[in-house]
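Those sequence lines, one after another, are chains A and B.
Going by the UniProt record's numbering, the residue at position 16 of the first sequence is 16; the numbering climbs one at a time, nothing skipped.
Going by the UniProt record's numbering, the residue at position 154 of the second sequence is 154; the numbering climbs one at a time, nothing skipped.
These notes concern the structure reproduced below.
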Amino acid sequence: MKITLNGEVRDVEPGTTLAMLVADLAAHTGRDPRGVAVERNLEIVPKSEHASTVLEDGDRLEFVQFVGGG
Amino acid sequence: MPDPLIIAGKSYDSRLIVGTGKYANYQQNADAARAAGAEIVTVALRRVNLSDPSQEILTDFVKPDEFTYLPNTAGCYTADEAVRTLRLAREAGGWNLVKLEVLADQKTLYPNMPETLTAAKALIADGFEVMVYCSDDPVYAKMLEDAGCCAIMPLGSLIGSGLGIMNPVNIRLIVEQTRVPVIVDAGVGTASDAAIAMELGCDGVLMNTAIAAARDPVLMASAMKHAVIAGREAYLAGRMPKKLYADPSSPLAGLI
Numbered sequence: 001m002k003i004t005l006n007g008e009v010r011d012v013e014p015g016t017t018l019a020m021l022v023a024d025l026a027a028h029t030g031r032d033p034r035g036v037a038v039e040r041n042l043e044i045v046p047k048s049e050h051a052s053t054v055l056e057d058g059d060r061l062e063f064v065q066f067v068g069g070g
Numbered sequence: 001m002p003d004p005l006i007i008a009g010k011s012y013d014s015r016l017i018v019g020t021g022k023y024a025n026y027q028q029n030a031d032a033a034r035a036a037g038a039e040i041v042t043v044a045l046r047r048v049n050l051s052d053p054s055q056e057i058l059t060d061f062v063k064p065d066e067f068t069y070l071p072n073t074a075g076c077y078t079a080d081e082a083v084r085t086l087r088l089a090r091e092a093g094g095w096n097l098v099k100l101e102v103l104a105d106q107k108t109l110y111p112n113m114p115e116t117l118t119a120a121k122a123l124i125a126d127g128f129e130v131m132v133y134c135s136d137d138p139v140y141a142k143m144l145e146d147a148g149c150c151a152i153m154p155l156g157s158l159i160g161s162g163l164g165i166m167n168p169v170n171i172r173l174i175v176e177q178t179r180v181p182v183i184v185d186a187g188v189g190t191a192s193d194a195a196i197a198m199e200l201g202c203d204g205v206l207m208n209t210a211i212a213a214a215r216d217p218v219l220m221a222s223a224m225k226h227a228v229i230a231g232r233e234a235y236l237a238g239r240m241p242k243k244l245y246a247d248p249s250s251p252l253a254g255l256i
């Protein structure tokens, strides 16, 4: 099934949870994912709910973090 | 003599808040923030860079255990965007203290005040402590204070312009009427501008470009630290009245 993550369409296996996607990101970047906030279809998903959130086809996800700014 | 800046019940020794944008790199940014003596730094919230994981990240250099992060809403043009951004910032960092700015247009980056007030009310109802970037209109500044904002932050001139404090009369009016801290946010270009803001009675100054775009940002950060302290002390000391004609400094009695 297809999801959109930070504006890019991606294929994920049915049954993938948000926690799995976040763990993938951490493995990919080699960084602690704790500073990353997640929004799913314009709703914030608290970290405590990542494991129980099963992704659905067409989900639009935003992974955001702090960057330099004025 | 201790003279802390108190924002939302928390005490800070430094009255200079600095941004973390436009630096050559995050290391220079961290060096400048330290040279400025800043305790609070503004930060932005953006998408995680999924394509280039090797890119350096802010939190490795300007560390959240060394500085208080003040998440901003730079780049937001509606109340809804700003509220959405700050809720995400709270989820990312866990902090309630935020800087709200809702912009009107890209040419001036002037604040859109109706949207700013709408966003401030929504955020305060949701438990945020809101430091608000605003125009120098004392009427709107009062509305934002009455809505419960914990700091009123009028511009001295346009963001990134470096024109200095172009509106001293309005800044002074806002200072006189406001019971929460007033912090000039935007417009400072060099050290004397920061001193002028503080001499007007502002409680602090927030700046980014004046430091980041200096030829030597770390040295300018140090200059700004001293300017803010000098301006604050001059304000507390109370300047002499201005006079039209000379008044000799040496006694007239005993002249030979």
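Cβ coordinates follow ideal geometry from the N, Cα and C atoms, glycine included.
Quantities reported herein were computed from a predicted structural model and do not represent experimental measurements.
| Asked | Found |
| --- | --- |
| Beta-carbon neighbours of B:Gly19, restricted to chain A and to distances below 9 Å | Gly68, Gly69 and Gly70 |
| Unbroken stretches of the beta strand (DSSP E), 3 residues or longer, contained in the segment 75 to 138 of chain B | 97 to 100 and 129 to 134 |
| Buried versus exposed, by CB contacts within 10 Å (16 or more), B:Ile6 | exposed |
| Cβ pair B:Asp203, B:Ile183 closer than 8 Å | yes |
| Beta-carbon spacing of B:Met131, B:Met153 below 8 Å | yes |
| Exposure of B:Ile256, with buried meaning 16 or more beta-carbon neighbours within 10 Å | exposed |
| 8 Å CB neighbourhood of B:Met166 in its chain, flanking five on each side removed | Gly156, Ser157 and Gly187 |
| Closest residue to B:Ala151 among B:Asp80, B:Gly162 and B:Cys134 (Cα-Cα distance) | B:Cys134 |
| CB contact below 8 Å: A:Ala37 versus chain B | yes |
| Cβ neighbours of A:Thr4 in the same chain (closer than 6 Å, five flanking residues each side left out) | Arg60 |
| Beta-carbon proximity list for B:Val41, same chain, < 8 Å, skipping 5 on both sides | Ile17, Val18, Gly19, Thr20, Ala33, Val62, Phe67, Thr68, Tyr69 and Leu70 |
| For B:Tyr26, the residue or residues it bridges with in DSSP | BP columns for B:Tyr26 are empty, so no partner. |
| Chain-ordered neighbours of B:Pro71 on chain A, where CB pairs are closer than 9 Å | Phe66 and Gly69 |
| Endpoints, beta strand (DSSP E) assigned at B:Val188 | From DSSP, B:Val188 is part of no beta strand (DSSP E); its letter is neither H nor E. |
| Minimum Cβ-Cβ distance from B:Gly231 to chain A less than 8 Å | no |
| Whole runs of the beta strand (DSSP E) within the segment 45 to 69 of chain A, excluding any shorter than 3 residues | 60 to 68 |
| Inter-residue CB distance, A:Gly15 and B:Asn208 (contact presumed, cutoff 8 Å) | In fact, because the Cβ distance is near 45 Å, the residues do not count as touching under 8 Å. |
| Exposure of B:Asp193, with buried meaning 16 or more beta-carbon neighbours within 10 Å | buried |
| Nearest-angstrom Cβ-Cβ length linking A:Gly35 and B:Ala92, presumed shorter than 8 Å | 6 Å |
| B:Pro217 at chain A interface by Cβ criterion, 8 Å | no |
| 9 Å Cβ cut-off: residues of chain A touching B:Ala44 | Phe66, Val67, Gly68, Gly69 and Gly70 |
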